[in-house]
Amino acid sequence: MEARLILEDGTLFRGFSRGARGETWGEVVFNTSMTGYQEILTDPSYCGQILVMTFPLIGNYGINDEDFESRRPFLRGFIAREFCTKPNNWRQVMSIGDYLKENKIIALDGIDTRALTRHLRENGTMKGILTTEDTPEQMLLKKIREMPNISETAFVPEVTIKEPYTWDNGGRHVVIIDLGLKLSIARSFHNAGCRVTVVPAFFSAGEIMNLHPDGVVVSNGPGNPENVPEAIQTVSDLAGKIPLMGICLGHQIIALALGAKTYKLKFGHRGANHPVRDLIKNKVYISSQNHGYAVDENSLPPGLEVTQRNLNDETVEGLMDTKKKIIAVQYHPEACSGPSDSGYLFQRFLEEIEA
């Protein structure tokens, strides 16, 4: 069956349907990772987006029962040069095509993903419609232009949990604010011997402090950080009272809560190969990233200092406030999938708790 992607500037790509049938729309973005497609598919940070994989073959090791990062995929569409229909791996339980159909995700392959990626890189991410229907192109363009502004849409309410839950390992109590949490972040703290409690995005500072945490982590998640005012207020109320760690969206939320500003990147950072320089250790790490916004360095308040930078574009990748015991990074130190260079940050946060 034919499927089409049409971008808001009128650019059209025709290929084949490999997932559910129907029509969907979202912000079209690209990821440069070569592996880890199951973790990427189930990362809630892709909520509201149509994702293009730049690696040409996706799905060769199928889908297994162990590598999920959330309860379901939240992205709106998935695109690759080719989806493997006959995967081969001892852990696989189904093909990627079957998984996409089961979860009602529209998917497209058989297009030149290099050309699509180049177009997004040169012109910036933009809205698009992915469809298996016969709707005329002019009608699709009209629909796209009537869609809400992605930057003004709040996606966190769709991905956050409704009720708190706890993984008890008997150690220090870490509370994670779920803005779209990847399970591997919670797992990293649990494996470090912590008792982990995950709470909804809209828990107040008072509700969190009633849990008697030793430290609070603000998780990754989708969309514009300015669209989560409740979380910004919560972090503002917690800052200076308890050690804080921010990851990805959580990094941006902490910056906003302390008075800084954020801005939208042209095409974002999405991939498992982004070089970051640690300005304190004077070392370079390879990091896994997935974000479309960054912190404006010129807006940082006194006390909040830059600790890491992206070597590709010099954007802020790490922040620290030693007085308030705050650590924040724009990338994913849990590295699922991706390099584990920055896994030490979890232990560093636990050391802040102990100090």
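Sequential numbering from 2 applies to the sequence shown in this note's numbering. Each residue gets a CB set at the ideal place from its N, CA and C atoms; glycine is no exception.
The region 100-139 is shown to contain whole alpha helix (DSSP H) runs of 4 or more residues at 114-124, in chain order.
DSSP places residue 179 within a strand segment (E or B) once states are collapsed to three.
Residue 155 and residue 298 have their C-alpha atoms some 24 Å from each other. Residue burial annotation: residue 263 is buried, with at least 16 other C-beta atoms found within 10 angstroms of its C-beta. Counting the other Cβ atoms within 10 Å of the Cβ of residue 318 gives 16 or more, which makes it buried.
Residue 97 and residue 249 have their C-alpha atoms roughly 27 Å apart. Between residue 268 and residue 131, the C-beta gap is not smaller than 8 Å, which leaves the two residues out of contact. Boundaries of the beta strand (DSSP E) around residue 18: 13-18. In the displayed model, residue 210 falls within a helix according to three-state DSSP. Runs of the beta strand (DSSP E) lying entirely within the region 9-78, each at least 3 residues long, are 13-18, 24-32 and 50-54 in chain order. Within the model, the alpha-carbon separation for residue 172 versus residue 196 is close to 5 Å. Residues of the same chain with a CB within less than 8 Å of the CB of residue 255, apart from the 5 flanking positions on each side, are 219, 236, 240, 245, 247, 320, 327 and 329 in chain order. DSSP links residue 216 through a beta bridge to 175. Secondary structure in the region 219-285: the beta strand (DSSP E) runs of 3 residues or longer, each lying completely within the stretch, are 245-248 and 263-279 in chain order.
When only Cα atoms are considered, residue 177 and residue 188 end up about 11 Å apart. Taking each of 214, 202 and 309 in turn and checking the Cα distance to residue 355, the smallest one comes out for 214. Cβ neighbours of residue 278 within its own chain (closer than 6 Å, five residues either side excluded): 285, 310 and 312.
Burial of residue 118 is indicated by the presence of at least 16 other C-beta atoms within 10 angstroms of its C-beta. Classified as exposed, residue 345 has fewer than 16 neighbouring CB atoms from the shown chains inside 10 Å of its CB. Residue 227 has its alpha-carbon roughly 38 Å from the corresponding atom of residue 95. Listed in chain order, the non-local C-beta contacts of residue 35 below 7 Å within the same chain comprise 56, local neighbours out to five positions each way being set aside. Nearest Cα to residue 102 within the set 33, 127, 20 and 164: 20. A direct Cα-Cα distance of roughly 12 Å separates residue 8 from residue 15. Distance from residue 108 to residue 75 at the Cβ level is roughly 15 Å; contact not present, criterion being Cβ atoms closer than 8 Å. DSSP, read as helix, strand or coil, puts residue 84 in strand.
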